[in-house]
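Chemist: My questions all concern the structure below.
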Amino acid sequence: TYCFRSSMMNADGNLEQQLQTIKQKVDELRQQRQKLKKLEDLATELERRLILDNRYTEYSALNLAQAYDQLDQLGMRMQHNLEQQLAAMKHSGVSEDQVREFSMMFKHFDKEKLGRLNHQDFKSCLRALGYDLPTVDDNQRDEQFESILDVVDPNRSGTVTLPEYMTFMISRETENVSSIDDVVLAFKSLTENSERPYITRDELFANLPQEQAKFCCRKMKAYRDRNGREINNAFDYDDFTRWLFNQQP
């Protein structure tokens with residue numbers, strides 16, 4: 001059980017590679033289902049014969065079935081989470097480097113490899129990512145942190161799972177942008193004299209992280225002036241921004 005859980009929690013590579021690893025581990029786990037069924041049948045036969053003690057193992061068939069179900073559910077949650085991350089990257093422009101940093105930081109604080117953080121470890125994780133959370137006394141309420149918990153752990157279960165954490169972090173990366181006009185103005189501010197209706201490749205790479213600049217260059221259309229003439233090395237950031245917002249779920 002520990003080996004399966006650990007191999008899923010520590011999947012390496014980019015998001016696509018991690019997703020393939022998780023799918024492979026889930027397939028391997030489900031191939032063991034027939035063996036578990038055989039053990040359950042043997043356990044039933046032992047009970048029928050009133051043989052209640054087994055000196056060869058401390059685990060019952062019920063223990064194994066519960067562990068199997070937990071691993072299967074963990075694998076499916078991780079698979080769904082990775083698929084969501086890939087979709088978020090595709091539609092929002094959040095870079096894979098950012099997503100990888102979020103994931104690595106979570107795993108650093110998830111010392112028991114359980115796939116969840118208690119509230120204190122979650123707060124430490126946020127601070128490590130640059131969140132300016134105040135230090136308060138034990139008997140004081142941290143309003144800023146409580147507002148974050150309202151999003152990731154509204155029922156106050158006491159823990160934050162990896163999917164909940166990743167969803168929160170990705171949404172925070174894009175929520176500062178409130179409207180199409182905000183994004184258009186942001187791109188415009190990166191152009192020469194903050195006035196041009198188009199942006200160049202050099203300006204994108206000079207002002208954005210490399211992955212985001214590459215994303216923009218892939219998705220932005222060439223800019224055309226009022227006469228329909230294409231301007232060399234110029235990208236239409238207004239058209240791109242409207243396309244980007246239309247992609248949001």
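Numbered per UniProt numbering, the sequence shown spans residues 1 to 249.
Glycine included, C-beta positions come from ideal geometry on N, C-alpha and C.
Here the structure is a predicted model, which means the values were calculated and not measured.
1. How long is the line joining the alpha carbons of T44 and Y68, rounded to whole angstroms?
2. For a test of the three-state rule: what should DSSP assign to I51, helix, strand or coil?
3. If we define contact as Cβ-Cβ less than 7 angstroms, is Q70 a contact residue for chain D?
4. Quick check for students: name the residue ranges of the alpha helix (DSSP H) that lie wholly in the segment 113–164, counting only runs of 4 or more.
5. Please name the residue, chosen from K123, P197, E203, L52, that lies closest to E230 on a Cα-to-Cα basis.
6. Is Y223 helix, strand or coil when you go by DSSP?
7. Count the CB pairs spanning the segment 187–196 and the segment 104–121 that are closer than 8 angstroms, and state whether there are at least three.
8. Does P249 come out as helix, strand or coil in the three-state DSSP assignment?
9. Would DSSP call E16 helix, strand or coil?
10. Just the C-alpha distance for E143 and V136, rounded to the nearest angstrom, thanks.
11. Can you name the start and end residues of the alpha helix (DSSP H) that E96 belongs to?
12. Counting only the same chain and skipping the five closest in sequence on each side, list residues whose C-beta sits under 6 angstroms from that of D238.
13. Helix, strand or coil for T167, going by three-state DSSP, please let me know.
14. Quick check: the Cα distance between L64 and A213, rounded to an integer number of angstroms?
15. Out of S103, L36, Q140, point me to the one whose CA is closest to A128's CA.
16. Candidates D150, A234, E101, I170: which alpha carbon is nearest H119's?
17. For the alpha helix (DSSP H) that contains N232, what are its first and last residues?
18. What is the DSSP secondary structure of T21, counted as helix, strand or coil?
19. Expressed to the nearest angstrom, what Euclidean distance is found between the alpha-carbon atoms of P154 and T161?
20. Taking all protein chains shown into account, decide if S6 is buried (16 or more other Cβ within 10 angstroms of its Cβ) or exposed.
21. Just list the residues that DSSP pairs I199 with in beta bridges.
22. How would you label I148, buried or exposed, when you count the other beta carbons within 10 angstroms and need 16 or more for buried?
23. Is it buried or exposed, F245, if we count other Cβ atoms within 10 angstroms and call 16 or more buried?
24. Quick test of your reading: M9 and G115, contact by CB under 8 angstroms. State the CB separation rounded to the nearest angstrom.
Modeler: Taking the coordinates as given:
1. In this structure, the straight-line span from the alpha carbon of T44 to that of Y68 is close to 18 angstroms.
2. Three-state result, I51: coil.
3. Absence of chain D from the displayed structure is noted, only one protein chain being present.
4. 119–128, 143–152
5. P197
6. strand
7. no
8. At P249 the pLDDT is 43, less than 50, meaning the model places this residue with poor confidence and gives no usable figure here.
9. Here E16 sits in helix by DSSP.
10. 10 angstroms
11. 96–109
12. Taking C-beta separations shorter than 6 angstroms and ignoring five residues to either side along the sequence, the partners of D238 in its chain run V184, following chain order.
13. helix
14. 49 angstroms
15. S103
16. Minimum Cα-Cα distance from H119 among the listed residues D150, A234, E101, I170 corresponds to D150.
17. Segment 230–235 is the beta strand (DSSP E) holding N232; no alpha helix (DSSP H) there.
18. helix
19. 13 angstroms
20. exposed
21. F235
22. buried
23. exposed
24. Between G115 and M9 the Cβ distance is about 6 angstroms, and since that is below 8 angstroms, they are a contact.
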